[in-house]
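Taken in order, these protein sequences are the chains called A and B. Per this note's numbering, the first sequence starts with residue 33, numbered consecutively. Per this note's numbering, the second sequence starts with residue 33, numbered consecutively. From the three backbone atoms N, C-alpha and C, an ideal C-beta is built for every residue, glycine too.
There are 2 protein chains.
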Amino acid sequence: MGKQLSGSGRRATGSVGVRDVAKAAGVSTATVSRALNQPHQVSEELRKHVASVAAELNYIPDPAARALSSQKTFRIGALIPTIANSIYSRFVEALQRRLRQSGYSLVLANYDFDESLEMEEAQALVESGIDALVLAGEQRSPELYDLLNRRKIPYLLISIYLPDSPHRCVGYDNRAGAEAMTRYILELGHREIGVLEGPSGINDRARLRTKGIMDALKDFGVTLPATRITGRSFSVHNGREGLAELLEAAPEITAVICGNDVLAIGALMEAQARGLTVPEDLSICGYDGLDIAQDMVPQITTVHVPTAQMGLKTAESLVTLLSGEETPHSVLIETRLVPGGSTAPPRSR
Amino acid sequence: MGKQLSGSGRRATGSVGVRDVAKAAGVSTATVSRALNQPHQVSEELRKHVASVAAELNYIPDPAARALSSQKTFRIGALIPTIANSIYSRFVEALQRRLRQSGYSLVLANYDFDESLEMEEAQALVESGIDALVLAGEQRSPELYDLLNRRKIPYLLISIYLPDSPHRCVGYDNRAGAEAMTRYILELGHREIGVLEGPSGINDRARLRTKGIMDALKDFGVTLPATRITGRSFSVHNGREGLAELLEAAPEITAVICGNDVLAIGALMEAQARGLTVPEDLSICGYDGLDIAQDMVPQITTVHVPTAQMGLKTAESLVTLLSGEETPHSVLIETRLVPGGSTAPPRSR
DNA sequence: TCGCTTTATGTAACCGGTTACATAAAGCAT
DNA sequence: ATGCTTTATGTAACCGGTTACATAAAGCGA
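Put into structure tokens, the structure is as follows:
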């Protein structure tokens, strides 16, 4: 008795374990583990020998056993509002690809901008075992932050740049981008402006964009009556509805600033449906720089956000963090204004 | 000595373990485990007692330990070409939501239609520990199927319906849908038809759609010269390029059948950029039924695929399968033709 | 009341890795 | 050659749950 471990008492999974590899290679299990994970701790020839035996036996370490004893899962959670918007799907793709390169898997959850659902999903992710968590934006129930701190799970906020926040982040300045866009519109000469903002109630990114718009308008002394601003959650359909509402209430507007490209595409479609020519009759601009918006006719003026790059930076930051090294508290992703054919000076009258 | 397990020798994670709960509740670890996982095996009052103690201590079972001893990870992998196309992102969202309801997490990987990358990612997913895997389409290296069979990891193919395949699937009939669409175009009176197909080389769904188109054309005795068919990978930009190519080579065409809605949107944009009126000058149709295509002006005629429903069915099938029960080998997702304003009879001349 | 089945609970051996600690071998200055 | 440090390897105790098996209690028909 005593040696009743793997290699004897196994059947369900016909898989080989460290003990099998150890026996076959004529070494101890510790050596096998070290040869595979801390190669510099064993002699080169032994390392090669163990590696070849392991390969021959088709050895795959059991991830659960590894996680249990090492206390690392090599899994990272990402809690994303919705991947149906390509701003997030591109991010997730890049994040996943880069994480894999460092040996991490991505566990994805989405909550469709529902705060309580986000909390539930976060709880579930934590209970499923993750080394770190990615969250979108800063605004959420403090309980979630408490949970993560209590469980000592590092986390990173994305899509938002907050150098003064207690939380780490990798993101961009939503307010500044929207301000730059609004200035651009104002400098084209527009003064009768409509705003089709995002779902500002629940989304700090959307709110910051609205703030940027307001800042620029104020700077130019342009006022925004309540009839010239409306909000919708992000969808092409809502973009159409939103523009329709604005045009009913304020047909004199010459430009519409949209909370993102999806709303802008909707607005563009609605304008076409109403026989308005863009940009001659109405200028439209968005935010995010989605590929599809860049291929619209006319091309939609937007603030380009390099989300794939944000995914890379996020992954790198997390990997560094989990390796125990220091990493910047906040990383700024640069955005840039991309003028397109959807904006032009207002028709002179 | 002997009782040196959790509750004494722990510090790194200040977390409580079964042994702590057991001690606090005055029962054995087995009872705790059973009270929490097989409630019917313990008396109701004990169950409640254990549950309350566990809640009070804020007990969260270690997922790695659970996975190690139970040989179930409660994680499901999904290997998706790209979530940047909302046909997949909607699917993934629904899949994840439904899986969570049954206690499973979703581990996501994407491979951008690159077969060798798919194999790598699959390997990594398997090594990361999953109970089952979701794959898109059937066509891939047999090695991948071998790997899964060897590791006894159940898998499910999506986006494709193959009652005769050895593999389980939840999907729809790509060929039939495309055939129906083509018939619709033909019945409108079009005979000068262009085809803008998907990346048929690497994608069995795209190939089946092309086959459906060809079947219908043949049925109507319409031939398709090589100049009237071109292929592109799925993007709006490629849709524009593709239509440009077709119009250069065959300006006489009155309708273009596209491999999916994304290409169709691109074609629509290109038509507009060229001053062609859709559908009067050119009819355009797509496939998938993306929201955005439904909100285009004109609305794009398409074959609607209920991907969210496919996500639900996929999740349910997997959960059933993993619970040991039987589940249908193949599940058909019904699609339907949705006529829009982007198609009309050809201009009579 | 006896004996048999059913139900509830406890004991401890797993699951399959990692790693602290012990030990042996090798390197090296004196 | 001696003693000390460094390097390579082995032994076995973990990690924290689950569950087979044993046992005790309860139910029940004759």
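Q | Inter-stretch contact at 8 angstroms, needing at least 3 Cβ pairs: the stretch 315-330 of chain A / the stretch 52-60 of chain B | A | no
Q. Buried or exposed: which applies to Asn90 (chain A), given that a residue is buried once 16 or more other Cβ atoms fall within 10 Å of its Cβ?
A. Translated into positions along the first sequence, residue 90 (chain A) becomes position 58. Counting Cβ neighbours within 10 Å, Asn90 (chain A) comes out exposed, since fewer than 16 surround it.
Q) Are the beta-carbon atoms of Leu275 (chain B) and Glu312 (chain B) separated by less than 8 angstroms? A) Counted from its first residue, the second sequence places residue 275 (chain B) at position 243. Counted from its first residue, the second sequence places residue 312 (chain B) at position 280. Not a contact, by the Cβ cut-off of 8 angstroms.
(Q) Using a Cβ-Cβ cutoff of less than 7 angstroms, which residues in the same chain neighbour Leu308 (chain B) once the five nearest sequence positions on both sides are dropped? (A) Position 276 of the second sequence, counting from 1, holds the residue named residue 308 (chain B). Taken in chain order, the residues that qualify are Leu314.
**Q.** Straight-line Cα distance separating Val158 (chain B) from Leu127 (chain A)
**A.** Within the first sequence, numbered from 1, the residue matching residue 127 (chain A) stands at position 95. Within the second sequence, numbered from 1, the residue matching residue 158 (chain B) stands at position 126. Those two C-alpha atoms are separated by around 19 angstroms.
Q: Answer with buried or exposed for Arg129 (chain B), where buried requires no fewer than 16 other C-beta atoms within 10 angstroms of its C-beta.
A: The residue labelled residue 129 (chain B) in the question sits at position 97 within the second sequence. With 16 or more other Cβ atoms within 10 Å, it is buried.
(Q) Across the stretch 358-375 of chain A and the stretch 57-65 of chain B, are there enough close Cβ pairs to call them in contact, namely three or more that are closer than 8 angstroms? (A) no
Q | The beta strand (DSSP E) enclosing Arg368 (chain A), as first and last residue numbers | A | Stepping through the first sequence from its first residue, residue 368 (chain A) is reached at position 336. That run of the beta strand (DSSP E) goes Arg368 to Val370.
Q: Tell me whether the beta-carbon of Asn206 (chain B) lies closer than 8 angstroms to the beta-carbon of Gly161 (chain B).
A: Start at 1 with the first residue of the second sequence, and residue 206 (chain B) comes out as number 174. Start at 1 with the first residue of the second sequence, and residue 161 (chain B) comes out as number 129. For Asn206 (chain B) and Gly161 (chain B), no; Cβs fall outside 8 angstroms.
Q) For His336 (chain B), which residues of its own chain have a beta-carbon under 8 angstroms away from its beta-carbon, when the five flanking residues on both sides are left out? A) In the second sequence, the residue the question calls residue 336 (chain B) occupies position 304. Closer than 8 angstroms at Cβ, skipping near neighbours: Asp320, Gly321, Thr367, Arg368, Leu369 and Val370.
Q: Tell me whether His336 (chain A) sits in a helix, a strand or coil according to DSSP, three-state version.
A: Numbered from its first residue, the first sequence carries residue 336 (chain A) at position 304. Three-state DSSP puts His336 (chain A) in a strand.
(Q) With a threshold of 8 angstroms, are at least 3 pairs of Cβ atoms found where one atom belongs to the stretch 149-158 of chain A and the other to the stretch 144-159 of chain B? (A) no
Q.
For a quick check, are the C-beta atoms of Gly318 (chain A) and Leu354 (chain A) less than 8 angstroms apart?
A. Translated into positions along the first sequence, residue 318 (chain A) becomes position 286. Translated into positions along the first sequence, residue 354 (chain A) becomes position 322. Going by C-beta atoms, Gly318 (chain A) is not nearer than 8 angstroms to Leu354 (chain A).
Q. For chain A, is any of its Cβ atoms less than 8 angstroms away from the one on Met328 (chain B)?
A. Position 296 of the second sequence, counting from 1, holds the residue named residue 328 (chain B). Closer than 8 angstroms: yes.
Q) What residues of chain B sit near Met151 (chain A), judged by a beta carbon separation below 9 angstroms? A) Residue mapping note: residue 151 (chain A) aligns to position 119 of the first sequence, counting from 1. Chain B residues near Met151 (chain A): none, gap ~13 angstroms exceeds 9 angstroms.
Q: Taking only runs that begin and end inside the stretch 245-328 of chain A, name each unbroken alpha helix (DSSP H) of 4 or more residues, in chain order.
A: 268-281, 293-305 and 323-326
**Q.** Separation of Glu277 (chain A) from Arg260 (chain A), as counted between CA atoms
**A.** For the purposes of this step, residue 260 (chain A) is taken as residue 228 along the first sequence, with counting starting at 1. For the purposes of this step, residue 277 (chain A) is taken as residue 245 along the first sequence, with counting starting at 1. Distance between the alpha carbons of Arg260 (chain A) and Glu277 (chain A): 9 angstroms.
Q | Whole runs of the alpha helix (DSSP H) within the stretch 90-159 of chain A, excluding any shorter than 4 residues | A | 95-102 and 118-133
Q. Does Pro377 (chain B) get closer than 8 angstroms to chain A when you measure Cβ to Cβ?
A. In the second sequence, counting from the first residue as 1, residue 377 (chain B) sits at position 345. No, Pro377 (chain B) lies away from the interface with chain A (no Cβ there is under 8 angstroms from its Cβ).
Q) At a Cβ threshold of 8 angstroms, is Ser160 (chain A) touching chain B? A) As a first step, residue 160 (chain A) must be located in the first sequence, where it is residue number 128. Chain B contact via Cβ: present.
Q. In the stretch 165-179 of chain B, which residues sit with their C-beta less than 7 angstroms from some C-beta in chain A, listed in chain order?
A. none
Q) For Arg98 (chain A), which residues from the same chain have a beta carbon less than 7 angstroms from its beta carbon, with the 5 sequence-adjacent residues on both sides left out? A) As a position in the first sequence, residue 98 (chain A) is number 66, starting the count at 1. Excluding positions up to five away in sequence, the list is empty.
Q. How long is the line joining the alpha carbons of Ile297 (chain B) and Ile316 (chain B), rounded to whole angstroms?
A. One-based indexing of the second sequence puts residue 297 (chain B) at position 265. One-based indexing of the second sequence puts residue 316 (chain B) at position 284. Approximately 9 angstroms, taken between the alpha carbons.
Q. Where does Gly373 (chain A) sit, in a helix, a strand or coil, going by DSSP?
A. Taking the first sequence and counting its residues from 1, the one referred to as residue 373 (chain A) is at position 341. Here Gly373 (chain A) sits in coil by DSSP.
**Q.** 8 angstroms Cβ shell around Met342 (chain B) - same chain, five flanking residues per side excluded
**A.** For this step, residue 342 (chain B) is matched to residue 310 along the second sequence. Phe123, Ala126, Ile190, Ser191, Val202, Gly203, Tyr204 and Ile365.
(Q) Beta-carbon within less than 7 angstroms of Asn142 (chain A)'s beta-carbon, same chain only, minus the 5 sequence neighbours each way: which residues are those? (A) By 1-based counting over the first sequence, the position of residue 142 (chain A) is 110. These residues qualify, in order along the chain: Ile112, Pro113, Thr114 and Ile115.
(Q) With a threshold of 8 angstroms between beta carbons, is Ala87 (chain A) in contact with chain B? (A) To locate residue 87 (chain A), count along the first sequence from 1; it is residue 55. Cβ-Cβ to chain B under 8 angstroms: no for Ala87 (chain A).
Q: Could you tell me if Asp293 (chain A) is buried or exposed, where buried requires 16 or more neighbouring beta carbons within 10 angstroms of its beta carbon?
A: Here residue 293 (chain A) refers to the residue found at position 261 of the first sequence. When all chains shown are included, Asp293 (chain A) counts as buried.
Q: Determine, using beta carbons only, whether Ser197 (chain A) and Glu170 (chain A) come nearer to each other than 8 angstroms.
A: The residue you call residue 197 (chain A) lines up with position 165 of the first sequence. The residue you call residue 170 (chain A) lines up with position 138 of the first sequence. Their beta carbons are under 8 angstroms apart, which means Ser197 (chain A) touches Glu170 (chain A) by this criterion.
Q: Express the C-alpha separation of Leu138 (chain A) and Ala168 (chain A) in angstroms, rounding to a whole number.
A: As a first step, residue 168 (chain A) must be located in the first sequence, where it is residue number 136. As a first step, residue 138 (chain A) must be located in the first sequence, where it is residue number 106. Ala168 (chain A) and Leu138 (chain A): Cα-Cα distance of roughly 15 angstroms.
Q. Going along chain B in order, which residues have a C-beta closer than 7 angstroms to the C-beta of Asn142 (chain A)?
A. Residue 142 (chain A) sits at position 110 when you count from the first residue of the first sequence. In chain order: Glu125 and Gln128.
(Q) Output needed for Ser47 (chain B): all residues of its chain with C-beta closer than 6 angstroms, excluding positions within five of it in sequence on either side, in chain order. (A) Numbered from 1 along the second sequence, position 15 holds the residue referred to as residue 47 (chain B). So the list is empty, once near-sequence residues are dropped.
Q) DSSP on Ser191 (chain B), reduced to helix/strand/coil? A) The residue given as residue 191 (chain B) occupies position 159 in the second sequence. The answer is coil: DSSP assigns Ser191 (chain B) none of H, G, I, E or B.
Q.
Can you give me the C-alpha to C-alpha distance between Ala376 (chain A) and His269 (chain B), rounded to a whole angstrom?
A. Position 344 of the first sequence, counted from the start, is the residue given in the question as residue 376 (chain A). Position 237 of the second sequence, counted from the start, is the residue given in the question as residue 269 (chain B). If you take the alpha carbons of Ala376 (chain A) and His269 (chain B), they lie about 23 angstroms apart.
Q) In chain order, what residues of the stretch 224-251 of chain B put their CB closer than 8 angstroms to some CB of chain A? A) none
Q.
So, at 6 angstroms on beta carbons, what are the nonlocal neighbours of Arg66 (chain B) in its own chain, with the 5 sequence-adjacent residues on each side left out?
A. Mapped onto the second sequence, residue 66 (chain B) falls at position 34. Within the same chain, Arg66 (chain B) has close Cβ partners Gln73 and Val74.
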